[in-house]
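Top line first, the protein sequences correspond to chains Y and L.
Residue numbers 116 to 341, in our numbering, belong to the letters of the first sequence in order.
Residue numbers 2 to 514, in our numbering, belong to the letters of the second sequence in order.
A short write-up of the structure that comes next.
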Amino acid sequence: MDIIDIKGLKKNYALGSTTVHALRGVDLTIAKGDFMSIIGPSGSGKTTLLNVIGCIDNATEGSVKVSGREITKLNDREITSMRLHHIGFIFQTFNLIPVLDTLENVEFPLLLMRKLSKQDIRKRAEKLIEEVGLREYIKHRPAELSGGQRQRVAIARALVTNPDIVLADEPTANLDSVTGEQILNLMKEMNRIENTTFIFSTHDANVLKYARSVVKIRDGLIVKEA
Amino acid sequence: MNLIIKIAWRNIMRHRGKSLVIGVILFVGALLMTVGNGVISGMDQGMQENIINGFTGDIVLVPEKQESDEVFIDMMGKTIEQINDFKKIDSVLKTIPELRAWVPIGKNGAMVLNEEGGSPGFTYLIGVDFKRYRKVFPNTMKAVEGKLLSPGEAGVLVPTGARKQMFEVSNIWFVPEGCEADTSQMFPEAKAMWQNLLAKDNIVFMGMGADNTSTDIRAGVKGIVKYNALNQLWGNFALVDIESYRTCQGYISAQDRATLVLSDDEKQLLDGDETDLDNLFSIDAGETVVNSEHHNDLDQPGEDAIVSGKEQNQTDLDVGTYNLVLVRLENHSNLDAKVSIVNKHLKAAGTGVRAVTWKKAIGTIGSMAVLIRMALIMFVGFLFFVAIIIIVNTLSMAALERTSEIGMMRAVGARKGFISTMFFGETALLSFFFGGLGIIAGYLIVKMLAICKFTSENDMVQLLYGGDLFHPFLSGWDIIISIILLSIVTLIAVIYPMLVARSITPLDAIARE
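Here is the structure:
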């Protein structure tokens, strides 16, 4: 079953008087439970593609279905709800709310959802924190954590709402190689445990060995799927 | 909501410097507003009490024919109509339990003639039976030179303000009979020309009645007086004995009534509307009879009722003409309701007068506190305007600095409403904490000022104090108004930063990274 179905996706940016064609007509389907990597050089359109899939940016043209829902026609409220209920994010650097500790950061999306009781929220957050190996850092604020630990918190937060997809834009870019590997192993482990679809972008060839499928993008077009 | 408060509070603590700047502004604004309100409330109450207790009473009865209720200081110089049947009014007032005391007075303007040929002056004259006046308004004045009027004594009491005004116009320095000019009581201009100063112990007044029937009178100056409170405000009203006043204004005096006894028709004719000329030329009009036998009907004079060498008593005085009746209540509450009650009684009895509140009677001066309050509100409003600009700027900068954080929140599912509430929460917490501190500090300062019991004899300071004692106080309303104003400032200050924060998208955050 395809969790993402993209047809003829184009994205243009205005840059001064010129128009940048970031995506020139992308067709892509991603199966549920996949662990996919999008690779390509800088400026190839990896981040733009992730942003459109993640309802962070809108498409100029084309169709994007996430969990069977056409996201290009949603209003701001619906888009926000989509992000909250169906998508998890792991960003390169801007990751956590600085004034909240690890537990509170992980609980944050669940508190926004207002579906579970306080006890259930706490239980779910603690479970994920344990799974990412940060039990002893549960009361630490982001400033008191290392880069790798912060990304672990981000992974736990991305997964806490049981999203259909987790999008990670170069999640290891700012980490040393050892920590980067740990993070990718953790993501893969979470993909296995939670059966959540992971899509991550990278331009690091070493990261590719973790991916179940790989999409290569260049100049706004998909040039290879494997 | 807990989450928002938690994030808001921690953000305040995280950005202590900015929070402190905003907090100090809110604190100072709330403090100034609270203290200012306390001072004005004290002034307002002081003025009310001093004006009611010292000059006007709670209710003023004015003739129905009088167009304006503003009978004390009429800028247009209109004369006050006559009350010719005070006894009837008196009997009605006696039936109303809410009333404590009342005194009829004459009140109109008079020219101060300059016998040396210089410019004439002007003053307001208040004609009273001084003994009765003092019973209703005790301890309101003291004689700084000479003495107060003895019961039934004819003469004039000149307040310091009126003497100054008369001097400025006519260069005459009035001194009480039998007294030397006291240079210690002179203001600098008078003292400077003391050697050439013309000092007089009597004043020639010419009444300024609308019908030009006034008479010149020469009144001996018995004392130069100073009101214990609000001398600046009331110091232009010279007090004269009622019979001299009536003569001056061309009214029927009690003495006239005693010597001229008329039939009912004639009396009606005399007291009637002057415009009803038909009555003047009717057949009955020629039948005026002076009934000298009625002299015997006069009450025997009291021991202390001597006017211009002729003995009189209270009953005699009340048959003459007055202009106003000043009424004091048992308590000041529900004034408008009590005025309505009095009016019902007066109308039912056909007294020809209506009751108005002291505030209406005194006009704009009674609203001085309101004017000063408006000035304070404008000052605090300006302060808050500046505060709003600083707060808006600081919060907007804070919102932009937090683009990554806000963008990330939006990315993980926070709605714009959440971001708005979070920003509002931060400002509201600052406002609540620092503004609240400002109000509490202001309240304590007002209490301390009240405990200090500052007094002043300076006229201008007394106007500010609302009397001789500075007694600021805060009512519940004052505090509620402070809280409302603070809330409005918070709301206005947070709107723009909230819009800035709301407009931040996850994409902005990514772009910034």
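Ideal Cβ placement from N, Cα and C applies to all residues, glycine included.
Heavy atom of the ligand ADP less than 7 Å from the Cβ of residue i, yes or no?
{"i": "L:I81", "result": "The model depicted lacks the ligand ADP and carries no ligand whatsoever."}
Determine the contact status of residue i and residue j, defining contact as a CB-CB distance below 8 Å.
{"i": "L:L240", "j": "L:T57", "result": "no"}
{"i": "L:H472", "j": "L:G37", "result": "no"}
{"i": "L:E406", "j": "L:A9", "result": "no"}
{"i": "Y:D117", "j": "Y:F206", "result": "no"}
{"i": "Y:K126", "j": "Y:L138", "result": "yes"}
{"i": "L:A400", "j": "L:V501", "result": "yes"}
{"i": "L:F474", "j": "L:G39", "result": "yes"}
{"i": "L:T35", "j": "L:V413", "result": "no"}
{"i": "Y:R265", "j": "Y:G155", "result": "no"}
{"i": "L:E71", "j": "L:G364", "result": "yes"}
{"i": "L:D91", "j": "L:L336", "result": "no"}
{"i": "L:A111", "j": "L:M187", "result": "no"}
{"i": "L:L4", "j": "Y:L226", "result": "yes"}
{"i": "L:V226", "j": "L:K143", "result": "yes"}
{"i": "L:E50", "j": "L:I342", "result": "no"}
Which residues bound the alpha helix (DSSP H) around residue i?
{"i": "Y:M228", "result": "217 to 228"}
{"i": "Y:S196", "result": "191 to 201"}
{"i": "L:D337", "result": "336 to 349"}
{"i": "L:S254", "result": "That residue, L:S254, is in no alpha helix (DSSP H); it is neither H nor E in DSSP."}
{"i": "L:D1", "result": "Absent from the structure is residue 1 of chain L, since the part of chain L shown begins at 2 and ends at 514."}
{"i": "L:S42", "result": "17 to 52"}
{"i": "L:E427", "result": "417 to 431"}
{"i": "L:L450", "result": "437 to 453"}
{"i": "L:T161", "result": "161 to 171"}
{"i": "L:R135", "result": "131 to 137"}
For residue i and residue j, which I take to be in contact (beta-carbon distance under 8 Å), what is that distance rounded to the nearest angstrom?
{"i": "Y:V329", "j": "Y:S152", "result": "5 Å"}
{"i": "L:W359", "j": "L:V61", "result": "6 Å"}
{"i": "L:G156", "j": "L:K108", "result": "About 18 Å separates the two Cβ atoms, so there is no contact after all."}
{"i": "Y:F204", "j": "Y:G169", "result": "6 Å"}
{"i": "L:E178", "j": "L:G221", "result": "5 Å"}
{"i": "Y:D149", "j": "Y:R267", "result": "The Cβ separation is near 22 Å, so there is no contact."}
{"i": "L:M499", "j": "L:F425", "result": "6 Å"}
{"i": "L:N249", "j": "L:L150", "result": "Position check: residue 249 of chain L holds Cys in this sequence, whereas Asn was assumed. Wrong, their Cβ atoms sit about 16 Å apart, outside the cutoff."}
{"i": "L:I204", "j": "L:V113", "result": "6 Å"}
Quick one: residues in its chain with C-beta nearer than 7 Å to the C-beta of residue i, no 5 flanking neighbours on either side, listed in chain order?
{"i": "L:S283", "result": "Any reading at L:S283 must be qualified, since the residue scores a pLDDT of 45, below 50, and its modelled position is unreliable; the value itself is stated next. The answer is none, since no qualifying residue turns up."}
{"i": "L:G119", "result": "S171, N172"}
{"i": "Y:L243", "result": "V221, A271, L274, V275"}
{"i": "L:R503", "result": "K417, I420, S421"}
{"i": "Y:P257", "result": "L211, P213, R265"}
{"i": "L:A31", "result": "G436, G439, I440, G443, S483, L487"}
{"i": "Y:G295", "result": "T287"}
{"i": "L:K311", "result": "Note that L:K311 scores a pLDDT of 38, beneath 50, so its modelled location is shaky; the value from the coordinates is reported in the next line. Excluding sequence neighbours, L:K311 sits near Q256."}
{"i": "Y:L299", "result": "T287, V322, Y325"}
{"i": "L:R258", "result": "V320, G321"}
Going by beta carbon distance, what residues of the same chain come within less than 8 Å of residue i, once the five residues before and after it are set aside?
{"i": "Y:I253", "result": "D216, T217, L218, E241, I244"}
{"i": "Y:L323", "result": "S152, I154, T317, V329"}
{"i": "L:I511", "result": "G408"}
{"i": "Y:I337", "result": "V141, D142, L143, V330, K331"}
{"i": "L:M14", "result": "S20"}
{"i": "L:T395", "result": "K19, V22, I23"}
{"i": "Y:I236", "result": "E222, L225, L226"}
Which first and last residues belong to the beta strand (DSSP E) in which residue i is found?
{"i": "L:S405", "result": "Per DSSP, L:S405 belongs to no beta strand (DSSP E); it is in the alpha helix (DSSP H), 404 to 412."}
{"i": "Y:Y128", "result": "117 to 130"}
{"i": "Y:S178", "result": "176 to 181"}
{"i": "Y:R272", "result": "Taken as a continuous stretch (DSSP letters only), Y:R272 belongs to no beta strand (DSSP E), being part of the alpha helix (DSSP H) at 262 to 274."}
Please return the same chain residues whose Cβ sits closer than 6 Å to the Cβ of residue i, not counting the five positions on each side in sequence.
{"i": "L:Q67", "result": "E82"}
{"i": "Y:D120", "result": "T144, K180"}
{"i": "Y:L165", "result": "L282, D284, S316"}
{"i": "L:W103", "result": "L94, V326, V328"}
{"i": "L:Y134", "result": "V104"}
Taking a cut of 7 Å between CB atoms, which residues from the region 488 to 503 of chain L lie near chain Y?
none
Chain L contacts made by the region 210 to 229 of chain Y, where a contact means CB separation under 8 Å
N210, L211, I212, P213, V214, L215, E219, F223, P224, L226, L227, M228
Chain-ordered residues of the region 273 to 290 of chain Y with a beta carbon less than 9 Å from chain L:
A273, T276, D284
The region 118 to 133 of chain Y: positions lying closer than 8 Å to chain L by Cβ
Taking 8 Å as the Cβ-Cβ cut-off against chain L, none of the residues of the region 118 to 133 of chain Y qualify.
Check each residue of the region 231 to 254 of chain Y: if its Cβ is closer than 7 Å to any Cβ of chain L, include it; give the result in chain order.
Here the close residues number zero.
Proximal residues, the region 386 to 410 of chain L versus chain Y, C-beta separation under 8 Å
S405, E406, G408, M409, M410
Report the residues of the region 26 to 40 of chain L with a CB closer than 7 Å to any CB of chain Y, ordered along the chain.
none
Taking Cβ-Cβ distances below 8 Å as the criterion, which residues of the region 175 to 200 of chain Y are in contact with chain L?
D191, R192, T195, S196, R198, L199, H200
Using a Cβ-Cβ cut-off of less than 7 Å, list which residues of the region 5 to 29 of chain L approach chain Y; keep chain order.
I8, R11, N12, R15
Identify each residue in the region 413 to 428 of chain L for which the Cβ-Cβ distance to at least one residue of chain Y is less than 9 Å, and report them in chain order.
V413, G414, A415, R416, K417, F419
Relative to chain L, which residues along the region 297 to 316 of chain Y have a C-beta separation below 7 Å, given in chain order?
Within the region 297 to 316 of chain Y, no residue qualifies.
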